[in-house]
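**Student:** Here the working numbering is used: position 3 in the sequence shown is 604, and no number is missing along the way.
Before anything else, here's the structure in question.
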Amino acid sequence: MRRLLRWLNERLELQDSLVPLVDHPVPRELGSRVGWFYVFGSVTLALFIVQVVTGVALAMTYVPAPISAYDSLRFITDDAVLGRLVRGIHYWGAAAMVILVLVHMTQVFLFGAHRYPRELNWMSGSILLLLTLAMAFTGQLLRWDQDAYWAVVVAAEQVGRVPLIGDLMAHVVVAGNDVGGATLTRFFATHVFLIPALIFGLIGVHLYLVVKRGISEPPKPGQGVDRATYKERYEAVLAQGIPFYPEVVWRDVVVAFGAVAIVVALAATVGPVALGQPPDPTVILADPRPDWYFLGYFALLALIPPDAETVVIVLLPLLAFAFLFLLPLARPFGERHWSRRPGAVAVVAIPFIAYVALIVAGEQSPWSPILTRTASLPPAVTAGLDAQQRRGADLFLSKGCWSCHMIDGSGGRKGPDLSRIAARQSPDRIVQRILSGGGGNMPSYAATISPQDLADLTAFLETRR
Ligand code: HEC
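Encoded structure:
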């Protein structure tokens, strides 16, 4: 064994390439409790490796062609040995990776570690974030169900709005004029070859920089980064430092195993996201919805006024990324500790709170009627109604009122809750509203409702006080 290692080492010179990766010196404080804040990069890397392994396993069975993609995923999910578990790990692993990349960046930013001389660590990292999101997006399409199909149609619409080159870009995204077999092939190649290759390359650059520039020392309030003195001070810190292996790395290993264990547990219990209906371009009643981490953006698109769409769709992501990417160049020197950087805390907290609110809004999608055929009212609402009121309750469902209006917690959110409508509006006003519609958001029923139906419906609504 020893001779084999010596033979290899003579040819590979591992002592100056791989060995520094494990035993490079790091600041002494990382051996204490604050070391727990420094684990997220390694954890993201561990999750990436899990994604590679499960992704390769899925690609062994998945068939990236429109007639077979959906069925092959059905097979993986329902019949293949461990297929459901592997798909589940890949699905939850993707979500975990998105979260951990963001947690890692937040920690780096709040610790001021993006400042001089580690600007390029940050910049390569922000491209890795972009690539991770691109993986999540292209992966969703490979499910090739209704949601996936419409997600690409929407994406193509969006890039189509970019001035001048929009058409060309939309053409590149969908690989032709409309979403079909060529699109699936292109997304597959992008998801399994192109982006992973870029990620591998950039992880190499990122790790090289982590080792070369060294891990930043935990910040102290009042002790900023100064071009003249920082390098010298950092060298003094490292001279007192401890080796990454074994004194520091065990925290990374513990949290990485914990994260992977949570992903596997979720895959085994909750399982992968259910496949929707097979895609069918003629079914426009689909309610396409991206996976939850994109749901906030989806909500934003639904809520903005139409005039602002182009700005929000094209400019906002571009500016957000440019801001993120160029952040360390704006202020490479100065205070590092978060307690002295209220602006930095706001830059993290405000988008975070806003995005969570948007995800919640996206989950409820109050802007669109519910389009299912299984509308129903709670039994308590229909109990004790007379014959006319009961007909009215049925009309409330069959005329589509339910899909926009909620009664006692059942129904859509596009229009006002009608649980107590009779306490608020006189019968005349209710009749008038049904006939005339309102605000462009409620259809006018004047042409499609008979006087009898109108009377029944109003009789039912009159019970709601
Ligand atoms: C496409 C969604 C949609 C459908 C379908 C719909 N409504 Fe509405 N409805 C709305 C919206 C939005 C408003 C609020 C409009 C406004 O303020 O001008 C509204 C307002 C109302 C109001 C007034 C509520 C108040 O608080 O003053 C009543 C009553 C009402 N709808 C009843 C009905 C009935 C009955 C039906 C079925 C026959 C129905 N709506 C179908 C969207 C809808």
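Positions of the beta carbon are idealized from the N, C-alpha and C atoms, including for glycine.
Which same chain residues, not among the five before or five after isoleucine 914, have their C-beta less than 8 Å away from its C-beta?
**Tutor:** Locating residue 914 in the sequence shown gives position 313, counting from the first residue. Hits under 8 Å: Gln759, Arg762, Leu902.
**Student:** For methionine 1007, does the three-state DSSP call read helix, strand or coil?
**Tutor:** Walking along the sequence shown from the start, residue 1007 turns up at place 406. DSSP, reduced to helix, strand and coil, places methionine 1007 within a strand of the structure shown.
**Student:** Under a Cβ-count criterion, where at least 16 other Cβ atoms within 10 Å of its own Cβ denotes burial, should proline 891 be classed as buried or exposed?
**Tutor:** Position 290 of the sequence shown, counting from 1, holds the residue named residue 891. Proline 891 should be labelled buried.
**Student:** Based on Cα-Cα distance, which residue from Gly656, Met698, Leu711 lies nearest to leucine 938?
**Tutor:** Locating residue 938 in the sequence shown gives position 337, counting from the first residue. A small correction: the amino acid at residue 938 is histidine; leucine does not occupy that position in the sequence shown. If we check each option's Cα against that of histidine 938, Leu711 comes out closest.
**Student:** For glycine 802, which of Trp637, Gln989, Gly726 has the nearest alpha-carbon?
**Tutor:** Against the sequence shown, residue 802 aligns to sequence position 201. Minimum Cα distance to glycine 802 is reached at Gly726.
**Student:** Take isoleucine 960 as the anchor and find which of Leu742, Leu686, Tyr894 has the nearest alpha-carbon.
**Tutor:** Looking up residue 960 in the sequence shown gives position 359. Checked all of Leu742, Leu686, Tyr894; the closest Cα to isoleucine 960 is Tyr894.
**Student:** Helix, strand or coil, according to DSSP, for methionine 1043 in the structure here?
**Tutor:** Counting from one through the sequence shown, the residue named residue 1043 turns up at place 442. Three-state DSSP puts methionine 1043 in a strand.
**Student:** Confirm the yes/no value for this check: CB of arginine 991, any heavy atom of the ligand HEC, distance under 7 Å.
**Tutor:** Mapped onto the sequence shown, residue 991 falls at position 390. Checking the Cβ of arginine 991 against the ligand HEC gives no.
**Student:** Identify the residues that DSSP records as bridge partners of isoleucine 843: which are they?
**Tutor:** On the sequence shown, position 242 is the one that residue 843 refers to. Per the DSSP secondary-structure output, isoleucine 843 pairs in a beta bridge with Val627.
**Student:** Per DSSP, which residues does glycine 1012 bridge with? Please list them.
**Tutor:** Along the sequence shown, one-based indexing puts residue 1012 at 411. Bridge partners of glycine 1012: Met1007.
**Student:** Give the straight-line distance between the Cα atoms of leucine 810 and arginine 675, rounded to the nearest whole angstrom.
**Tutor:** Locating residue 810 in the sequence shown gives position 209, counting from the first residue. Locating residue 675 in the sequence shown gives position 74, counting from the first residue. Rounded to whole angstroms, leucine 810 to arginine 675 spans 43 Å at the Cα level.
**Student:** Is the separation between the beta-carbon of leucine 876 and that of arginine 744 shorter than 8 Å?
**Tutor:** As a working mapping, residue 876 is identified with position 275 in the sequence shown. As a working mapping, residue 744 is identified with position 143 in the sequence shown. Cβ distance < 8 Å, so leucine 876 and arginine 744 count as in contact.
**Student:** To the nearest angstrom, how far is it from the Cα of leucine 998 to the Cα of arginine 992?
**Tutor:** The residue labelled residue 998 in the question sits at position 397 within the sequence shown. The residue labelled residue 992 in the question sits at position 391 within the sequence shown. Cα to Cα, leucine 998 sits roughly 10 Å from arginine 992.
**Student:** The alpha helix (DSSP H) that contains leucine 919, what's its start and end?
**Tutor:** On the sequence shown, residue 919 is found 318 positions in, with the first residue counted as 1. Segment 917 to 931, the alpha helix (DSSP H) holding leucine 919.
**Student:** Consider the C-beta atom of arginine 932 and the heavy atoms of the ligand HEC; say whether any pair is separated by less than 7 Å.
**Tutor:** On the sequence shown, position 331 is the one that residue 932 refers to. Incorrect: arginine 932 has no Cβ contact closer than 7 Å to the ligand HEC.
**Student:** Considering only the alpha carbon of each residue, which of Ala931, Val849, Phe899, His625 lies closest to tryptophan 637?
**Tutor:** Translated into positions along the sequence shown, residue 637 becomes position 36. The option with the nearest alpha carbon to tryptophan 637 is Val849.
**Student:** Apply the 10 Å Cβ neighbour rule to aspartate 1057 and answer buried if 16 or more other Cβ atoms are within range, or exposed otherwise.
**Tutor:** Translated into the one-based positions of the sequence shown, residue 1057 becomes position 456. Buried, because 16 or more other Cβ atoms sit within 10 Å of the Cβ of aspartate 1057.
**Student:** Could you tell me the alpha carbon to alpha carbon distance between aspartate 1054 and alanine 994, rounded to whole angstroms?
**Tutor:** Stepping through the sequence shown from its first residue, residue 1054 is reached at position 453. Stepping through the sequence shown from its first residue, residue 994 is reached at position 393. Whole-angstrom Cα-Cα distance: 10 Å.
**Student:** What residues are listed by DSSP as bridge partners for valine 826?
**Tutor:** Walking along the sequence shown from the start, residue 826 turns up at place 225. Per DSSP, Gly935.
**Student:** Under 8 Å Cβ to Cβ from methionine 770, same chain only, skipping five residues before and after it: list those, please.
**Tutor:** Walking along the sequence shown from the start, residue 770 turns up at place 169. So the qualifying residues of the chain are Val760, Gly761, Val763.
**Student:** Determine the extent of the alpha helix (DSSP H) in which serine 643 is found, giving its start and end residues.
**Tutor:** Walking along the sequence shown from the start, residue 643 turns up at place 42. Residues 641 to 662.
**Student:** I think alanine 1047 touches leucine 1062, with their Cβ atoms under 8 Å apart; what is that distance to the nearest whole Å?
**Tutor:** Within the sequence shown, the letter at position 446 stands for residue 1047. Within the sequence shown, the letter at position 461 stands for residue 1062. Their Cβ separation, rounded to whole angstroms, is 17 Å, which puts alanine 1047 and leucine 1062 out of contact at 8 Å.
**Student:** Alpha carbon to alpha carbon, how far is glutamate 936 from leucine 917?
**Tutor:** By one-based count along the sequence shown, residue 936 stands at place 335. By one-based count along the sequence shown, residue 917 stands at place 316. Going by the C-alpha atoms only, they are around 28 Å apart.
**Student:** Helix, strand or coil for lysine 832 per DSSP?
**Tutor:** Position 231 of the sequence shown, counting from 1, holds the residue named residue 832. DSSP places lysine 832 in helix when its eight states are reduced to three.
**Student:** Below 7 Å, is the gap between the Cβ of glutamine 1053 and the nearest heavy atom of the ligand HEC?
**Tutor:** Here residue 1053 refers to the residue found at position 452 when the sequence shown is read from its first residue. Checking the Cβ of glutamine 1053 against the ligand HEC gives no.
**Student:** For methionine 1007, which option in Pro1052, Pro970, Ala984 has the closest C-alpha, if you only look at C-alpha atoms?
**Tutor:** Looking up residue 1007 in the sequence shown gives position 406. Nearest to methionine 1007 by alpha-carbon distance, out of Pro1052, Pro970, Ala984, is Pro970.
**Student:** Restricting to Cα atoms, I'd like to know which of Pro1052, Gly782, Asp624, Leu978 is closest to serine 669.
**Tutor:** Sequence index remark: in the sequence shown, residue 669 carries index 68 (1-based). Comparing Cα-Cα distances from serine 669 to each of Pro1052, Gly782, Asp624, Leu978, the minimum goes to Gly782.
**Student:** Taking three-plus beta-carbon pairs below 8 Å as touching, is the region 938 to 957 in contact with the region 695 to 712?
**Tutor:** yes
**Student:** So, for tryptophan 693: in the same chain, excluding its five sequence neighbours on each side, which residues have a beta-carbon less than 6 Å away from its beta-carbon?
**Tutor:** The residue given as residue 693 occupies position 92 in the sequence shown. Once the five neighbours on either side are set aside, the close Cβ partners of tryptophan 693 are Val864, Leu867, Ala868.
**Student:** Determine, using beta carbons only, whether serine 900 and glycine 859 come nearer to each other than 8 Å.
**Tutor:** If you number the sequence shown from 1, residue 900 lands on position 299. If you number the sequence shown from 1, residue 859 lands on position 258. For the sequence presented, residue 900 should be read as alanine rather than serine. The answer is no: Cβ separation not under 8 Å.
**Student:** Assess, as a yes-or-no matter, whether the region 824 to 843 is touched by the region 727 to 734 under the definition of 3 or more beta carbon pairs within less than 8 Å.
**Tutor:** The region 727 to 734 is not in contact with the region 824 to 843.
**Student:** What are the start and end residues of the alpha helix (DSSP H) that includes lysine 813?
**Tutor:** For the purposes of this step, residue 813 is taken as the residue at position 212 of the sequence shown. In the DSSP assignment, lysine 813 falls within the unbroken alpha helix (DSSP H) covering 796 to 814.
**Student:** If you check the beta carbons only, do arginine 688 and isoleucine 700 fall under 8 Å apart?
**Tutor:** The count along the sequence shown starts at 1 and reaches residue 688 at position 87. The count along the sequence shown starts at 1 and reaches residue 700 at position 99. For arginine 688 and isoleucine 700, no; Cβs fall outside 8 Å.
**Student:** Going along the chain, which unbroken runs of the beta strand (DSSP E) with 3 or more residues stay wholly within the region 752 to 777?
**Tutor:** none
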